[in-house]
Amino acid sequence: MKRLTLLLTLLGSACLSSPQKSRVPHKPLDQIAGSRYSLYVLGITQDGGLPHVGCTKSCCTRARLQGIQRYPVSLGIFDRQTGKRFLIEASPKVEAQIALLHKLAQVSQRSRKPLDGLFLTHAHIGHYLGLAQFGREVASTKNLPTYVGPRMANFLRTNGPWNQLVELHQLKLHVLKPELPVEILPDLKILPILVPHRDEYSETFAFKIIGPHRSVLFVPDVDRWDRHKKLLSHLLQGVDIAYIDGTFYDGRELPGRNMKEIPHPPIVLSMDLLQNRAREKPGSIRFLHLNHTNPLFQNPGLLKALQIRGFALAHRGEKIQL
Ligand SMILES: [Zn+2]
Ligand SMILES: [Zn+2]
Ligand SMILES: [Zn+2]
């Protein structure tokens, strides 16, 4: 019976479904009574989501048959006191993710002001294409505060269709400076930290979300941990929960492709680097931004081994009180 329960737990955590409850080992930290701010995970895949356009492998054919969708990475923040809602990343699934944020936060009245602010890490499609939904053809928001880096701001101001959103005041751009925290609500700050990535159109930020009780790190995309001296320790300083780049497990998911062209630290390397931390605080390192081919989605044995080492996969719908 015990074995069956374990098997069901593993299957449950690996299956392709919407918000999963806390059957998974190493769930995020316990709740804090009376805490004002909550952070929610609204998606855990790489930019293309799952199923992935053009993929005819079992990872996506099975999901298509079953009508299952995994969303690209995104986080939501909710303030219980004022009802304010912030979104980190505007993915191509932004409508579903805003709806999920409202559902998880039990916000009943949706309006033409679906959000009170938006933070974007960088200009790769999974992280900003959803901006199109705030334009004239859809939500037509009014001066939605949109926090981006200086290159990203320039990119949005000077390229269609994004410049129209700025010119028509649907978005109001706020330019983030690296290492300078922004206080979005009383005692709730977001600190942008530059990380190395393929920066074709913009710089790339990691965000540290610093609440009155807890701090959360969000690094969905990074080329490598050792590009800057002490980058990893700087990112993790003072952090209770870290959501980090888990795009590829160990490279087996891209046979025939040169991993150097698609640089991400493989999960196996990140686990080696962070093993002590995971052992001390199981569940505090949580992988997201998984590629559709990542074997952790389909191989319960691999996922179990990761969990035994004290690491976890992020889950859509999980909540951290800040
Ligand atoms: Zn990405
Ligand atoms: Zn696939
Ligand atoms: Zn990227």
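One rule links them: number in my numbering = place in the sequence shown (from 1) + 771. Ideal placement from N, C-alpha and C gives every residue a C-beta, glycine not left out. Small disclaimer: the values here were computed from a predicted structure and weren't measured.
For residue i, list the residues DSSP reports as bridge partners.
i, result
"I1015", "V990, F1058"
"K841", "The displayed chain sequence assigns Arg, not Lys, to residue 841. BP columns for R841 point to L821."
"G847", "Y811, L858"
"K979", "L962, L988"
"H945", "Y918"
"Q1092", "S809"
What span of residues does the beta strand (DSSP E) with residue i cover, start to end?
i, result
"E954", "953-956"
"V812", "808-814"
"T853", "Unbroken run through T853: none, as it is neither H nor E."
"H898", "Element bounds for H898: not the beta strand (DSSP E) but the alpha helix (DSSP H), 896-899."
"L915", "915-919"
"L889", "888-890"
Work out the CA separation of residue j and residue i for me, nearest whole Å.
i, j, result
"R995", "P957", "34 Å"
"A1083", "L1073", "11 Å"
"G1088", "A1013", "16 Å"
"H893", "E938", "20 Å"
"R1080", "A1049", "7 Å"
"I1038", "H895", "21 Å"
"F1068", "A1085", "12 Å"
Within the present structure, is the beta-carbon of residue i separated from the nearest heavy atom of ligand 2 by less than 7 Å?
i, result
"Q1064", "Going by the sequence as given, residue 1064 is Thr instead of Gln. Yes, the beta carbon of T1064 sits closer than 7 Å to at least one heavy atom of ligand 2."
"P1096", "Here the chain has residues from 772 to 1093 only, and residue 1096 is not among them."
Which two residues bound the contiguous alpha helix (DSSP H) that contains residue i?
i, result
"K874", "865-875"
"Y972", "Premise fails: Y972 is in no alpha helix (DSSP H) and is neither H nor E."
Is residue i near ligand 3 - that is, is its Cβ less than 7 Å away from at least one heavy atom of it?
i, result
"D994", "no"
"H893", "yes"
"H968", "yes"
Taking 7 Å as the line, does the beta carbon of residue i fall inside it for any heavy atom of ligand 1?
i, result
"Q817", "yes"
"G897", "yes"
"P863", "no"
Please confirm whether residue i has its beta-carbon closer than 8 Å to some beta-carbon of chain B.
i, result
"I1038", "Absent from the structure: chain B. Only one protein chain is present."
Quiz item: Would you say the region 827-837 touches the region 866-878, given that touching needs at least three Cβ pairs under 8 Å?
Solution: no
Quiz item: Between the region 976-986 and the region 906-915, do three or more beta carbon pairs fall short of 8 Å?
Solution: no
Quiz item: How do the region 1050-1060 and the region 1012-1027 stand: do at least 3 beta-carbon pairs fall below 8 Å, yes or no?
Solution: yes
Quiz item: Below 8 Å, can you find three or more Cβ-Cβ pairs linking the region 941-951 to the region 910-928?
Solution: yes
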